[in-house]
Structure formats: C-alpha cells, structure tokens
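Asker: The structure that follows is given in the form of structure tokens.
Protein chains: 2
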Amino acid sequence: MSPSTSPLVLSAEAQDLLFRSARTFSTFVDEPVPDSTVQAIYELVKYAPTSFNQSPLRVVLVRTRASRRRLVAHMMENNKAKTSAAPLTAILAADFEFHEELPRLVPHMPEAKEVLFGSRTDREASASFNAALQVGYFIIGIRAAGLAAGPMTGYDADGIDKEFFPDGDRTVLAVVNLGIASGDPAFPRLPRLEYADVVSTI
Amino acid sequence: MSPSTSPLVLSAEAQDLLFRSARTFSTFVDEPVPDSTVQAIYELVKYAPTSFNQSPLRVVLVRTRASRRRLVAHMMENNKAKTSAAPLTAILAADFEFHEELPRLVPHMPEAKEVLFGSRTDREASASFNAALQVGYFIIGIRAAGLAAGPMTGYDADGIDKEFFPDGDRTVLAVVNLGIASGDPAFPRLPRLEYADVVSTI
Chain B
1 MSPSTSPLVL SAEAQDLLFR SARTFSTFVD EPVPDSTVQA IYELVKYAPT SFNQSPLRVV
61 LVRTRASRRR LVAHMMENNK AKTSAAPLTA ILAADFEFHE ELPRLVPHMP EAKEVLFGSR
121 TDREASASFN AALQVGYFII GIRAAGLAAG PMTGYDADGI DKEFFPDGDR TVLAVVNLGI
181 ASGDPAFPRL PRLEYADVVS TI
Chain R
203 MSPSTSPLVL SAEAQDLLFR SARTFSTFVD EPVPDSTVQA IYELVKYAPT SFNQSPLRVV
263 LVRTRASRRR LVAHMMENNK AKTSAAPLTA ILAADFEFHE ELPRLVPHMP EAKEVLFGSR
323 TDREASASFN AALQVGYFII GIRAAGLAAG PMTGYDADGI DKEFFPDGDR TVLAVVNLGI
383 ASGDPAFPRL PRLEYADVVS TI
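Chains B and R are the protein sequences, given in the same order.
Quick note, the first sequence lines up with residues 1 to 202 if you use the numbering used here.
Quick note, the second sequence lines up with residues 203 to 404 if you use the numbering used here.
Encoded structure:
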C-alpha cells in the first residue's frame, strides 16, 4: 500500500519507528538509560486512556547491582543473562489499591473510589486489564524514545511480588529490558495472523 | 520541554496525534469507517509484541443494525446511545484457544502449543494479558488513522460473551466506538498521576 493511498495519517517514519521496524531486542549498547528518558516516555504515554482514568500502572526501575540480583533470581533461566546485562530493567506492575488515587484522577466522580471500586476482587480485575493496556502504551513509548524494548513474562511472578511488593498491593505484569538496540533482534520477525483470521464483521 | 532537548525521537506531530492531542470521543461525524481503514490499522499494530507471539486479540466489527441492537442490549445505560450512534463499533476480545494458531506463529517452537499452553487456565491468563496489550496497541492504531476511539468497559460482559461467543472460547475485553471525532471530547482532559507517584527507582 503506497503512502498516498493509505488510510493512515501517521507518518510512514513514525509507523516504522513504533511498529514496523521496531523489534524486540535482548542485547543493548552499553550506555545508561537516564531517568530523564524514562520520565519523557511516561509524560507521553500517561495520556493514553484507561477505564475511569484509573491509571493503575506502576513502574519500578531496577538500577543498582543489588536490586538487579534480587530480580534476576526470579527470572526464568533463559531470561537471566539478558536481564543482568541490560542497561535498565523495569518491573511493570498493576496497583490493586489504585482507587486511593481516584479522587484526584476523576474529581468529578467523588463516589467512584467507594461505589465502583470498593471491592478488592473488582479492583484486581480492573487494574490487571488497565495496567496491561498501559504496558502496551509503555512499550510504544520506549520505541518513541528511539530505544528498543525487551519485554519478558518468563519469571516467577509470585517470587517477584513477594520480593518487591511485600504489602500484597501490586502484582508484576511484565519485566522489560530497555536500551539502545545492539546486534540482531531477539528473534527473526515471526509471522502474524492474517486480517481475515483476526477481524470478522457482523 | 523543547523538542530539541526531548529524549523522544518520535516527531512532536506524531506525539500529539497518538497521545497528547488525542482524546476519548463519544460523538462522531456521520461518515462510515470502511473495512479498508480497519485493515490498515490492523496491518500496522499487528507487529507490536505479545508473549510468544501469541497474538490472542480478536475483533468483531459490528456493522448491521441488527448486530448493533444485539450489542447495545448488553451495554450499560450510559453507553447505549453513543454505541447506537457511532459510525462503527468494534468488540475487542481475547481468544482462549489462541494456541491453535501457535504452530504458524512460532514455527521454531512446535512444542509451544501443548507444552506451554496445554492448560485452559493458563491460556485464559495469558490471553487476557496479551490481548489487553493488543487493545492498547489497537487504540493507538485507531488514532494513527486519524480517527477517534471511544473505548468502553461499561457493559454486561457475560451477556456479550454469551451473545457473540456462544462457544465459550472468547471473552470481551473492551467495546470501542470509532469514527471521525465530532464536537467535544467525552470528558475534559482529566489529571494524570505525577511521574514520582508512578515510577520508583531501586
């Protein structure tokens, strides 16, 4: 599809940066990712929508050697080396107590905190879904910063939760290595499903 | 932050289109959203990553009047009128039987289908998380097409599942109205959490 006939208005360059050329990497240039970069990513992707603006994603940047060791201990074997070596690793988690922040997030609905999200079970379901949306936005944001993301779900989730969220109020959804891409992508580009296999019309 | 000092490499125009200026809308111009636009969105966002490339998102485009009525019956009261009037409404669902497609999605791991995802319980958890990531990507893709999205989670999920996925193999994650934005956004821009409230460093 040539650019002139595409229904997309996003520039081809941006399409490539965020989706088409972007790839999952496990190896990175040995150069730190400063907090200012992570903040710029956050300040961009924070605007993407969540239900009732609940914004349940929480991010732990694992910077010190000691913290990295604590995390690596819970990663699956095939994720240990790359997590040890990445310039920066982020634990992306859902906050099950997100409702405490709702009075400032939805000031026009002061009843939301208690009426909609008074139940921990309901909060867990809602936070898990909405924080997962935000994990998607965050991965796009990492790419918007010209960095490569290496998202992983191969770990002992209970172990990470106990180690990093001992209060029981959060759960890990993904662990993401990030940095400037180096070498080859983690995998060759894998096939995707055809449009007709994914989208139906009724 | 001026463009020249921003750590982001994505153009300011694209940042605005996808995140900063983009808003949730409930009212749209009375102009259809053709399948070709939805396909262009899919062909872009299909490249964004999921665990093991499992790609569990499935999309049902609700086009006919009869189908729209079947859906609106299960929407919460405050979502009925806007869902009835939107140019196009999409049901975004997670496929719990996504493992059937794995042989073509991860051809280098022929054992993945049975060894990793032989358990329905494990598939439900994995599909719910990964399809939620893809809902996030899809919302960004709608905006990349210059359209506005109106994502909703206010509905009777069991009712939608029984009505549209009677085989029990899928579950609705979000219902999204889409079209060319008209009038004002659904809400004034709501506050977001501060960086320091969301991101910590250890």
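A virtual CB, placed ideally from N, CA and C, is assigned to each residue, including glycine.
Please list, in chain order, all residues of the same chain as L246(R) whose beta carbon is under 7 Å from its beta carbon, the five residues on each side excluded.
Answerer: Here the question's residue 246(R) lines up with position 44 in the second sequence. For L246(R), where only same-chain residues beyond five positions count, the Cβ hits under 7 Å are G343 and A346.
Asker: Comparing the C-beta of Y137(B) with each C-beta of chain R, is any distance below 8 Å?
Answerer: Along the first sequence, one-based indexing puts residue 137(B) at 137. So, interface residue.
Asker: Indicate whether the contact test is met: 3 or more Cβ pairs, each with one atom in the region 180-187 of chain B and one in the region 17-27 of chain B, closer than 8 Å.
Answerer: yes
Asker: Going by C-alpha distance, which of R58(B), L57(B), K80(B) and L116(B) is nearest R204(B)?
Answerer: Absent from the model: residue 204(B). The displayed extent of chain B is 1 to 202, so no value can be given.
Asker: Which residue from M278(R), R306(R) and F300(R) puts its Cα closest to that of Y357(R)?
Answerer: Working through the second sequence from its first residue, we reach residue 357(R) at position 155. Closest option to Y357(R), Cα to Cα, is M278(R).
Asker: Assuming E303(R) and L193(B) make a contact with CB atoms under 8 Å, what is their CB distance in whole Å?
Answerer: Position 101 of the second sequence, counted from the start, is the residue given in the question as residue 303(R). Position 193 of the first sequence, counted from the start, is the residue given in the question as residue 193(B). Right, the Cβ-Cβ distance comes to about 6 Å (below 8 Å), so this counts as a contact.
Asker: According to DSSP, is L8(B) part of a helix, a strand, or is it coil?
Answerer: Here the question's residue 8(B) lines up with position 8 in the first sequence. L8(B): coil per DSSP, three-state reduction.
Asker: Thinking just about the alpha-carbon of each residue, which of T266(R), L375(R), R267(R) and Q256(R) is nearest to the one in I341(R)?
Answerer: The sequence position of residue 341(R) within the second sequence is 139, counting from 1. Cα-wise, what sits closest to I341(R) is L375(R).
Asker: Going by DSSP in three states, D161(B) sits in which element: helix, strand or coil?
Answerer: Position 161 of the first sequence holds residue 161(B). Under the three-state reduction of DSSP output, D161(B) falls in the helix class.
Asker: Measure the C-alpha to C-alpha separation of L71(B) and V264(R) and round it to an integer number of angstroms.
Answerer: On the first sequence, residue 71(B) is found 71 positions in, with the first residue counted as 1. On the second sequence, residue 264(R) is found 62 positions in, with the first residue counted as 1. In a straight line, the C-alpha of L71(B) is about 44 Å away from that of V264(R).
Asker: Taking DSSP as the reference, what is the three-state secondary structure of P353(R)?
Answerer: The count along the second sequence starts at 1 and reaches residue 353(R) at position 151. In this structure, P353(R) counts as strand in the three-state DSSP scheme.
Asker: Does DSSP put I142(B) in a helix, in a strand, or in coil?
Answerer: Position 142 of the first sequence, counted from the first residue, corresponds to residue 142(B). In this structure, I142(B) counts as helix in the three-state DSSP scheme.
Asker: Check each residue of the region 293-305 of chain R: if its Cβ is closer than 8 Å to any Cβ of chain B, include it; give the result in chain order.
Answerer: E303
Asker: Short check: CB of L220(R) to CB of A333(R), under 8 Å?
Answerer: What you label residue 220(R) is simply residue 18 of the second sequence in a count that begins at 1. What you label residue 333(R) is simply residue 131 of the second sequence in a count that begins at 1. Their beta carbons are not under 8 Å apart, which means L220(R) does not touch A333(R) by this criterion.
Asker: Ignore the nearest five residues each way along the sequence and tell me which others in P234(R)'s own chain have a CB closer than 8 Å to its CB.
Answerer: As a working mapping, residue 234(R) is identified with position 32 in the second sequence. Here the set comprises P289 and L290.
Asker: My output table needs one value for D95(B): the three-state DSSP class, helix, strand or coil.
Answerer: Within the first sequence, residue 95(B) is the residue found at index 95, counting from 1. D95(B): strand per DSSP, three-state reduction.
Asker: Work out the CA separation of L335(R) and F300(R) for me, nearest whole Å.
Answerer: Taking the first residue of the second sequence as 1, we reach residue 300(R) at position 98. Taking the first residue of the second sequence as 1, we reach residue 335(R) at position 133. So the alpha carbons of these two residues sit roughly 15 Å apart.
Asker: I need the straight-line Cα distance from T121(B) to S208(R), nearest angstrom please.
Answerer: For the purposes of this step, residue 121(B) is identified with residue 121 of the first sequence, where counting begins at 1. For the purposes of this step, residue 208(R) is identified with residue 6 of the second sequence, where counting begins at 1. Their backbone Cα atoms lie some 40 Å apart in a straight line.
Asker: With burial defined as no fewer than 16 other Cβ atoms inside 10 Å of the residue's Cβ, what is the status of V115(B): buried or exposed?
Answerer: Taking the first sequence and counting its residues from 1, the one referred to as residue 115(B) is at position 115. It is exposed - the Cβ of V115(B) has fewer than 16 other Cβ atoms within 10 Å.
Asker: Please list the partners that T266(R) has in chain B, where partner means a Cβ-to-Cβ separation under 7 Å.
Answerer: Here residue 266(R) is taken as the residue at index 64 of the second sequence, counted from 1. Those are I202, listed as they occur along chain B.
Asker: For the region 242-268 of chain R, enumerate the residues whose C-beta is nearer than 8 Å to any C-beta of chain B, in chain order.
Answerer: A242, I243, Y244, E245, L246, V247, K248, Y249, A250, P251, S253, N255, S257, L259, R260, V261, V262, L263, V264, R265 and T266
Asker: D35(B) and T403(R) look like a contact to me (Cβ under 8 Å); what is the Cβ gap, rounded to whole Å?
Answerer: Residue 35(B) sits at position 35 when you count from the first residue of the first sequence. Residue 403(R) sits at position 201 when you count from the first residue of the second sequence. That pair is a contact at about 7 Å.
Asker: Near A157(B), what residues of its chain come up, given a Cβ to Cβ distance below 6 Å and the 5 sequence neighbours on each side ignored?
Answerer: Position 157 of the first sequence, counting from 1, holds the residue named residue 157(B). Here the set comprises V172.
Asker: How big is the Cα-Cα spacing for R104(B) and S84(B)?
Answerer: The residue labelled residue 104(B) in the question sits at position 104 within the first sequence. The residue labelled residue 84(B) in the question sits at position 84 within the first sequence. C-alpha separation (whole angstroms): 38 Å.
Asker: Taking buried to mean at least 16 other C-beta atoms within 10 Å of its own C-beta, is A73(B) buried or exposed?
Answerer: What you label residue 73(B) is simply residue 73 of the first sequence in a count that begins at 1. Residue burial is scored here from C-beta neighbours: A73(B) has fewer than 16 other C-beta atoms within 10 angstroms and is therefore classed as exposed.
Asker: Would you tell me roughly how many angstroms separate the C-alpha atoms of L92(B) and F165(B), rounded to the nearest one?
Answerer: The residue given as residue 92(B) occupies position 92 in the first sequence. The residue given as residue 165(B) occupies position 165 in the first sequence. Distance between the alpha carbons of L92(B) and F165(B): 12 Å.
Asker: Just checking: is the beta-carbon of L210(R) within a distance shorter than 8 Å of some beta-carbon in chain B?
Answerer: Mapped onto the second sequence, residue 210(R) falls at position 8. Chain B, which has a Cβ nearer than 8 Å to the Cβ of L210(R), makes this yes.
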